[in-house]
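A.B. asks: Which chain is which? The protein sequence lines are A and B, in order. Here the first sequence stands for residues 4 to 201, numbered as in our numbering. Here the second sequence stands for residues 312 to 461, numbered as in our numbering. Virtual Cβ for every residue (Gly too), placed ideally from N, Cα, C. I'd like to ask you about the structure that follows.
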Amino acid sequence: MKRSIILLYVLLTGLVAGCSTTRVVLVPDPQGNVGEVVVSTLTGSKTLNQSGQSVAAGAYLLPPEKTIVMTQASIDARHGETLAFEPVPPQSYLFYFLHDSVELTENSATQLPEAISRINQRESCDMVSAGHTDSLGDPAYNVQLSYRRAKQIKALLNGRGIAAKCIEIISYGENAPLVKTGNNVSQQKNRRVELLIR
Amino acid sequence: MAHRNALTHLAAILALLLSAQALAEEPEVIGKVKTVKADAYIVRAGDDIPAQKSQNLHTGDTLKTGETGALGVTLRDGTMLTIGPSSKFQIKEYLFKPLEKKTSLITYMSKGTASYVSGAIAKMNPDSVKIKTPSAYLGLRGTKVLIEVD
Numbered sequence: 004m005k006r007s008i009i010l011l012y013v014l015l016t017g018l019v020a021g022c023s024t025t026r027v028v029l030v031p032d033p034q035g036n037v038g039e040v041v042v043s044t045l046t047g048s049k050t051l052n053q054s055g056q057s058v059a060a061g062a063y064l065l066p067p068e069k070t071i072v073m074t075q076a077s078i079d080a081r082h083g084e085t086l087a088f089e090p091v092p093p094q095s096y097l098f099y100f101l102h103d104s105v106e107l108t109e110n111s112a113t114q115l116p117e118a119i120s121r122i123n124q125r126e127s128c129d130m131v132s133a134g135h136t137d138s139l140g141d142p143a144y145n146v147q148l149s150y151r152r153a154k155q156i157k158a159l160l161n162g163r164g165i166a167a168k169c170i171e172i173i174s175y176g177e178n179a180p181l182v183k184t185g186n187n188v189s190q191q192k193n194r195r196v197e198l199l200i201r
Numbered sequence: 312m313a314h315r316n317a318l319t320h321l322a323a324i325l326a327l328l329l330s331a332q333a334l335a336e337e338p339e340v341i342g343k344v345k346t347v348k349a350d351a352y353i354v355r356a357g358d359d360i361p362a363q364k365s366q367n368l369h370t371g372d373t374l375k376t377g378e379t380g381a382l383g384v385t386l387r388d389g390t391m392l393t394i395g396p397s398s399k400f401q402i403k404e405y406l407f408k409p410l411e412k413k414t415s416l417i418t419y420m421s422k423g424t425a426s427y428v429s430g431a432i433a434k435m436n437p438d439s440v441k442i443k444t445p446s447a448y449l450g451l452r453g454t455k456v457l458i459e460v461d
């Protein structure tokens, strides 16, 4: 009886294991940070949290195999062709504004040329200009103000040759502050546009 | 009679305009193609569309490559997904509404190699990011992984 169960188990796992194997390796992200990934099947799971750590799983019915550490040479050999075609990581710029205004602070105005040359260098036609305000004043008014700020950045970029169709506008009003404050608080760091270049 | 003819024409023109408008209403764009090495495709509604730089992606799209292909995309939240040769990776569900805190990124990788760099969705709500393969489930917490499925 026991033998037939073992036999059945071996047969079953042998069958499902033959179908497909998944191997996962954790590597540093573009900022150099190493995060965490949990690889699970129906019968177990393994957590990877160090650079180069790797685990394979042969089937949902089998627990993942023992964790190993993959060498850089092995990673390159297995994934080099893929890694050569990774997109350039998205990049964002922050522009700050004067109180209740679509006028950039002096410092932010000087950063515009750098953002423009970066957009051109990346040949990006995939940007978001996201406008924000601080919590001073009426929330509905702030949605409008942040919209005008986002549009202002779009207009400034457009004026320097960046196609308008490449820039999406989002208006957050006072709902997504960079620095958390109470209501009706003036905060320079929240009067901003975040320009995301993908 | 001539009158009726004119009416039929008008109806035909109207029908054309309506269908043109229906076509113009593109589903939500969830990301864009960034890098392409032939042969690479976006599989949509059963059709293999040759991938092109800056092409829009929709929920349900499958990224697919032949023996020489590679394909890299960036999604709206900054998630970057690149597949190597002979690979297939479907974006089954994508939801990124940061203000409403509604996020979801559910994918299925059936074969090949892939590089996956998580974006804002994994930062905001790691549990809403799921990658499934024919033999395992992956849960990501703000990170980069390389995956092989054979």
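Chain A partners of D461/B, CB-CB under 8 angstroms?
C.D. replies: Under a criterion of Cβ atoms nearer than 8 angstroms, the residues of chain A adjacent to D461/B are, in order, S23, T24.
A.B. asks: With contact counted as at least three CB pairs below 8 angstroms, one residue from each stretch, are the segment 437-456 of chain B and the segment 415-429 of chain B in contact?
C.D. replies: yes
A.B. asks: Closest Cβ-Cβ distance between G450/B and chain A: below 9 angstroms?
C.D. replies: True, the Cβ-Cβ gap to chain A drops below 9 angstroms.
A.B. asks: Rounded to whole angstroms, how far is the Cβ of T25/A from the Cβ of A431/B, which I believe are closer than 8 angstroms?
C.D. replies: The Cβ separation is near 26 angstroms, so there is no contact.
A.B. asks: Any C-beta of chain A within less than 9 angstroms: which residues of the segment 407-423 of chain B qualify?
C.D. replies: P409, L410, M420, S421, K422, G423
A.B. asks: Out of L451/B, T379/B, K422/B, A356/B, point me to the one whose CA is closest to L368/B's CA.
C.D. replies: A356/B
A.B. asks: Helix, strand or coil for L101/A? Go by DSSP, reduced to three states.
C.D. replies: coil
A.B. asks: Report the residues of the segment 50-63 of chain A with a CB closer than 7 angstroms to any CB of chain B, ordered along the chain.
C.D. replies: Within the segment 50-63 of chain A, A60, G61, A62, Y63 place their CB atoms closer than 7 angstroms to a CB of chain B, listed in sequence order.
A.B. asks: Under 8 angstroms between beta-carbons, which chain A residues line up against T393/B? List them in chain order, please.
C.D. replies: Simply T85, L86, F88, E89, P90.
A.B. asks: Could you tell me which chain B residues have their CB closer than 8 angstroms to the CB of I122/A, listed as they occur along the chain?
C.D. replies: Here the premise fails: no neighbours, minimum Cβ distance about 14 angstroms.
A.B. asks: Does S189/A come within less than 9 angstroms of chain B when only Cβ atoms are used?
C.D. replies: No Cβ of chain B is located within less than 9 angstroms of the beta carbon of S189/A.
A.B. asks: Compare the Cα-Cα distances from S48/A to each of S54/A, E68/A, G38/A, N36/A and report the closest residue.
C.D. replies: Shortest Cα-Cα distance from S48/A to any of S54/A, E68/A, G38/A, N36/A involves E68/A.
A.B. asks: Listed in chain order, which residues of the segment 159-174 of chain A have Cβ atoms closer than 7 angstroms to some Cβ of chain B?
C.D. replies: Answer in chain order: no residues at all.
A.B. asks: Report yes if the CB atom of T379/B is closer than 9 angstroms to the CB atom of D350/B, and no otherwise.
C.D. replies: yes
A.B. asks: With 7 angstroms as the C-beta to C-beta threshold (strictly closer), list the residues of the segment 339-369 of chain B near chain A in chain order.
C.D. replies: K343, K345, T346, K348, S365
A.B. asks: Between the segment 79-89 of chain A and the segment 178-185 of chain A, do three or more beta carbon pairs fall short of 8 angstroms?
C.D. replies: Here the segment 79-89 of chain A does not lie against the segment 178-185 of chain A, with fewer than 3 beta-carbon pairs under 8 angstroms apart.
A.B. asks: Hey, T370/B and I353/B: beta-carbon distance below 9 angstroms or not?
C.D. replies: It is not a contact, given that the beta carbons lie outside the stated cut-off.
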